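Let me begin by presenting the structure, written as structure tokens, before commenting on it.
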């Protein structure tokens with residue numbers, strides 16, 4: 059039996075019914091390749107193998123887990139020993155793919171930022187995260203939980219909160235509930251603005267979310283004028299399209315350092 063390692067944020071799912079349910083969240087539409095992140099004991103892996111994806115691989119950082127995966131799934135040839143956060147996705151995958159996993163709470167945001175970096179290749183993500191993070195990703199403008207990850211992911215993905223998972227089905231049980239989400243790539247190929255500036259605008263807006271956008275934006279950008287129509291609002295009130303419009307306005311009205 060694998061002993062969970064705190065430094066890796068391991069909480070092993072032990073409920074097979076929930077594992078089967080998570081495996082079933084993948085639509086299988088538009089891709090042949092599936093990558094499971096951090097399979098651990100392999101409880102989800104077994105159900106994914108049963109779905110017979112043409113190209114199924116797992117990536118696991120823990121040597122002990124790799125040993126048991128090789129023992130328990132001798133037919134699984136594509137076990138990648140390594141860290142997803144430093145993995146060269148383009149080296150392993152040349153076509154569209156989906157990602158699935160019980161994501162460690164401590165790196166779930168980093169995983170999703172990496173997904174965004176490869177948004178044209180990763181067209182579906184089904185993952186279990188801390189419930190609060192999962193709800194934030196899927197929340198709508200005006201919600202208390204709407205934030206940076208909501209805007210950035212919803213700019214390129216259709217987000218769905220699927221179901222909640224209680225603490226007691228893990229070993230060891232985490233202190234909070236988990237939530238399972240699905241992200242499906244939308245039809246957006248270009249935001250219609252400078253995407254690196256969009257990222258800065260969104261981050262700077264929510265870094266001071268209690269302030270109006272005028273104050274949070276002024277703290278980061280030097281502007282020729284301050285009469286943008288939405289500057290009196292707070293960041294959680296803006297939709298993705300409104301953030302794009304504001305990004306273009308800032309791009310036209312900012313003073314660049316010489």
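Numbering (the numbering used here), first residue to last: 59 to 316.
In this text, a Cβ means the ideal position worked out from N, Cα and C, and glycines have one as well.
Predicted model only: the values in this text are computed from it and were never measured.
Cutoff 7 angstroms; reference residue i; Cβ partners in own chain excluding five residues on either side
i: residue 249; result: 213, 256, 302
i: residue 220; result: 83, 238, 239, 240
i: residue 282; result: 311, 313
i: residue 207; result: 167, 170, 194, 195
i: residue 74; result: 101
Run of the beta strand (DSSP E) containing residue i, from where it starts to where it stops
i: residue 186; result: 180-188
i: residue 312; result: That residue, residue 312, is in no beta strand (DSSP E); it is neither H nor E in DSSP.
i: residue 221; result: 215-223
i: residue 236; result: 236-243
i: residue 159; result: 155-160
i: residue 139; result: 137-139
Beta-carbon contacts of residue i that lie in its chain and below 8 angstroms, excluding the five residues immediately before and after
i: residue 292; result: 267, 268, 269, 270, 271
i: residue 103; result: 94, 97, 116, 127, 131, 134
i: residue 168; result: 143
i: residue 309; result: 251, 252, 255
Extent of the continuous alpha helix (DSSP H) run through residue i
i: residue 115; result: It is not in any alpha helix (DSSP H) - residue 115 instead sits in the beta strand (DSSP E) that spans 113-118.
i: residue 209; result: 206-212
i: residue 168; result: 166-175
i: residue 148; result: 147-150
i: residue 87; result: Counting along the chain, residue 87 falls outside any alpha helix (DSSP H), and DSSP gives it neither H nor E.
Alpha-carbon spacing of residue i relative to residue j, whole angstroms
i: residue 278; j: residue 259; result: 9 angstroms
i: residue 80; j: residue 101; result: 11 angstroms
i: residue 199; j: residue 129; result: 47 angstroms
i: residue 141; j: residue 284; result: 45 angstroms
i: residue 88; j: residue 280; result: 44 angstroms
i: residue 155; j: residue 90; result: 7 angstroms
i: residue 186; j: residue 261; result: 24 angstroms
i: residue 78; j: residue 105; result: 6 angstroms
i: residue 201; j: residue 125; result: 44 angstroms
i: residue 190; j: residue 242; result: 20 angstroms
i: residue 222; j: residue 230; result: 18 angstroms
i: residue 151; j: residue 289; result: 43 angstroms
i: residue 107; j: residue 306; result: 46 angstroms
i: residue 176; j: residue 192; result: 20 angstroms
i: residue 209; j: residue 298; result: 6 angstroms
i: residue 273; j: residue 296; result: 15 angstroms
i: residue 69; j: residue 184; result: 17 angstroms
i: residue 181; j: residue 148; result: 14 angstroms
i: residue 245; j: residue 233; result: 37 angstroms
Cross-strand partners of residue i (DSSP beta bridge)
i: residue 108; result: Note: residue 108 sits in no beta bridge, so no partner.
i: residue 93; result: 115, 157
i: residue 228; result: 71
Cβ neighbours of residue i in the same chain (closer than 6 angstroms, five flanking residues each side left out)
i: residue 204; result: 197, 294
i: residue 275; result: none
i: residue 316; result: Residue confidence for residue 316 is low, a pLDDT of 39 falling below 50, so the modelled location carries little weight and cannot support an answer.
i: residue 160; result: 71, 186
i: residue 236; result: 186, 189, 223
Open item on the list: Give the list of continuous alpha helix (DSSP H) stretches no shorter than 4 residues that lie fully inside the stretch 272-311.
Closed with: Unbroken alpha helix (DSSP H) stretches of 4 residues or longer found wholly inside the stretch 272-311: 298-311, given in chain order.
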